[in-house]
Amino acid sequence: MASQITMTLNGSLIRKDFPIFERVIRGDMRLIYLDSGATSQKPNSVIEAEANFYRRNNAAVHRGAHQLAEEATDAYESARFIVADFLGGDVDEIIFTKSATESLNLLAYSFGNADSGNRFHLKAGDRIVVSEMEHHANLVPWQELAKRTGAELAWFSLNEFGRLDLSNIESVITVDTKVVALTHQSNVLGTINPLEAIVARAHDVGAVVVLDACQSVPHMKVDVEKLGVDFLAFSGHKSVGPTGVGVLWGRGELLDELPPFLFGGSMIESVTMAHSTWAAVPRKFEAGVPNMAQVVGLGAALNYLTTIGLDKIHDHEIALTSRLLEGFEENKDVQIFGPRGLDMRGGIVSFAVKDIHPHDMGQFLDSQGIAVRTGHHCAWPLTRKLGVNATTRASFYLYNDETDVDALIAGVANAQEYFGSR
Amino acid sequence: MQLDSLYQEVILDHYKRPEHKGLSEKSDVQVHHVNPNCGDEITLNLSLRDHLIDISWDGVGCSISMASASVMSSLLSGKTLEEAGPILDSFVSLMQSKGTQTGDEEVLEDALAFSGVSKYPARIKCALLGWMAFKDASVQIQGR
Ligand SMILES: Cc1ncc(COP(=O)(O)O)c(C=O)c1O
């Protein structure tokens, strides 16, 4: 019962850290932001950290012989320690990219660059495994890698409860499988995928496991050692951090063997006119002057989340989800996609309302100050599987509270009246 | 309510009772358009009978995209391609006007109801879905 779950965080107090909540929407509406699955809002500490880097420390990292370059490098590398601590990985295993999308493409392209003899080399007869609930960012790069290498793409299906069907795990992850790329939490259904059996089977057949942790790392405690995966990607901007920064974590010995993807400055060890060799990990994967201010901002973001507490954030989102699911249960025209229980799910709820297209629902809610996402959420195969063209999605974060949930429940009812009574 | 400028009566009527919906068995050309942002889809059949436009369509999408396809097909059916061109141009221009144009009722008739859409940038593509499908089909039919 939702009413018996107490909120672990005070959303309205937390909103005071986020200046965007001072503004109003569509005239004079309070901003009810239920679209953190797309991108999160930013606290002052992150905005300040990013701005202060430009104000005080800006210089090209790892390059200049001057004080600013030292300070910039220090700020940049400190963020790497923060990320490593946050994920439970080693500091040299943290690679900064521009986004999770780039992290996943980095992997797919690097695998594609591996010569025969390298453990990441793919060829006809090999298999890449994904799932039906992947975001396009963790599907399309693998489709393309399969096409380039002749490997076969296979996938786990979804069952009627919005969970992966793992009953055929051994026939999906065959002995020929080299890569298993999977989302940790679905950005559409909220489903959190159980990894233990998948990781075990993948490792049994010598495959690596790539985890798209975009929707989990910002919302719950994620420890790469405990999960046992081999690579993990997430985006700064969904974790109260800046846009333009993402992370790829990989096991050190795997990153050592993995060929680079982007070539250029900073990623080399030595260069002659005809030939180059690569710097050690992580620099091998960070070509060019990186997004320094954004990396520094990401450090501040993860510190902010750690101070609040990831377990508390997850519990808080579950309490909000519970309240929403219960509220929707009383509305017979609302159909929920994804798990109905609270076990192994996060704070994302996708739904459809009878006779109201999601786009119209989103527009109506917007007129009430409520920001939701509508469409296929960059997971078109999943949306098709659900038998719809689009859904409406509410996604929660630490700054939401019960009043936001109640506003959404009321907003949906108001929309039914608006479109139904005319 | 500000929203009423978007969801005008005409639009909701066409959404609930779309015209020319249901694909004809035969057609001179058939096109299929999708809005990759939201997944809305339309299939449009276009034929010319004694130079007069005959449209039928089917699709799934929001009220704006479906109503717009309905209004477009009833407005353009029975006209010649030469007559349809300026109407199409006028509608596209209205949609891209960011709310600065009111549109010519003589030309646009019921399609004028979509003038409010131009103030909602995310919905312009919805309103144009059917019209762009028609444009594509008319180019193809002229190329034959
Ligand atoms: C599950 C999932 N994977 C990948 C991505 C891609 O993240 P980004 O667009 O920040 O690269 C997203 C974000 O939309 C996501 O939700």
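First to last, the sequence lines map onto chains A and B.
Under numbering that gives the first Met the number 0, the first residue of the first sequence carries the number 0, and numbering increases by one thereafter.
Under numbering that gives the first Met the number 0, the first residue of the second sequence carries the number 0, and numbering increases by one thereafter.
Ideal placement from N, C-alpha and C gives every residue a C-beta, glycine not left out.
At a C-beta separation below 8 Å, N413 of chain A has no neighbours in chain B, since its nearest C-beta there lies roughly 11 Å away. For F363 of chain A, the chain B residues whose Cβ falls inside 8 Å of its Cβ are L2, in order along the chain.
Under the 8 Å criterion on CB atoms, S62 of chain B is classed as interfacial with respect to chain A. Not one beta carbon of chain A lies nearer than 8 Å to the beta carbon of L22 of chain B. Burial check for Y53 of chain A: the Cβ neighbour count within 10 Å stays below 16, so the residue is exposed. Taken through DSSP and simplified to helix, strand or coil, Y32 of chain A comes out as strand.
Between T320 of chain A and S349 of chain A, the C-beta gap is not smaller than 8 Å, which leaves the two residues out of contact. Using a 10 angstroms sphere on the CB of S98 of chain A, the tally of other CB atoms reaches 16 or more, which defines it as buried. Between L257 of chain A and F95 of chain A, the CB-CB gap reaches or exceeds 8 Å.
Looking at the DSSP output, H31 of chain B shares a beta bridge with B:T42. Taking D114 of chain A as reference, the option from A:P259, A:R126, A:S265, A:G245 with the minimal CA-CA separation is A:P259. Ranked by Cα distance from Y303 of chain A, the options A:I46, A:I31, A:G243 are led by A:I46. Between the C-alpha atoms of E101 of chain A and Q29 of chain B there is a straight-line separation of about 38 Å. Short note on D34 of chain A: C-beta not closer than 7 Å to any heavy atom of ligand 1. Q184 of chain A is bridged by DSSP to A:I191. Inter-residue distance for V223 of chain A and G245 of chain A is about 16 Å (C-alpha atoms, whole angstroms). Closest option to M343 of chain A, judged by alpha-carbon separation, among A:A414, A:L157, A:S185: A:S185.
Residue range 51-59 is occupied by the beta strand (DSSP E) that includes D53 of chain B. The beta carbon of D314 of chain A sits closer than 6 Å to the beta carbons of T7 from its chain, once the five residues preceding and following it are set aside; these are given in chain order. Secondary structure note for V348 of chain A: it is in no alpha helix (DSSP H), and the uninterrupted beta strand (DSSP E) holding it is 347-352. Membership of E268 of chain A in the beta strand (DSSP E) is indicated by the continuous run 267-270. Judged by their CB atoms, G368 of chain A and M132 of chain A are not nearer to each other than the 8 Å cut-off. Beta-bridge pairing by DSSP links S394 of chain A to A:D34, A:I347. Around A48 of chain A, the same chain offers V295, G296, A299 as residues with beta carbons nearer than 6 Å, after the five sequence neighbours per side are excluded. DSSP, read as helix, strand or coil, puts Q334 of chain A in strand.
Sequence-distant Cβ neighbours of S55 of chain B in its own chain, meaning closer than 8 Å and more than five residues away, are H19, K20, G21, L22, S23, S26, L43, N44, S72. Secondary-structure assignment with DSSP links F233 of chain A through a beta bridge to A:V246. A direct Cα-to-Cα measurement between A123 of chain A and G149 of chain A gives close to 4 Å. Per DSSP, G111 of chain A is one residue of the alpha helix (DSSP H) stretching across 99-112. Closer than 8 Å to the CB of T373 of chain A there is at least one CB belonging to chain B. T100 of chain A has its CB nearer than 7 Å to a heavy atom of ligand 1.
The beta carbon of F262 of chain A sits closer than 8 Å to those of S275, A286, all from its chain and outside the five residues before and after it, given in chain order. In the DSSP assignment, T306 of chain A falls within the alpha helix (DSSP H) that extends over 291-307. Taking C-alpha positions only, D89 of chain A is separated from A409 of chain A by approximately 47 Å. Assignment of beta-bridge partners to S238 of chain A by DSSP yields no partner. E316 of chain A counts as buried, since at least 16 other C-beta atoms from the protein chains shown sit within 10 angstroms of its C-beta.
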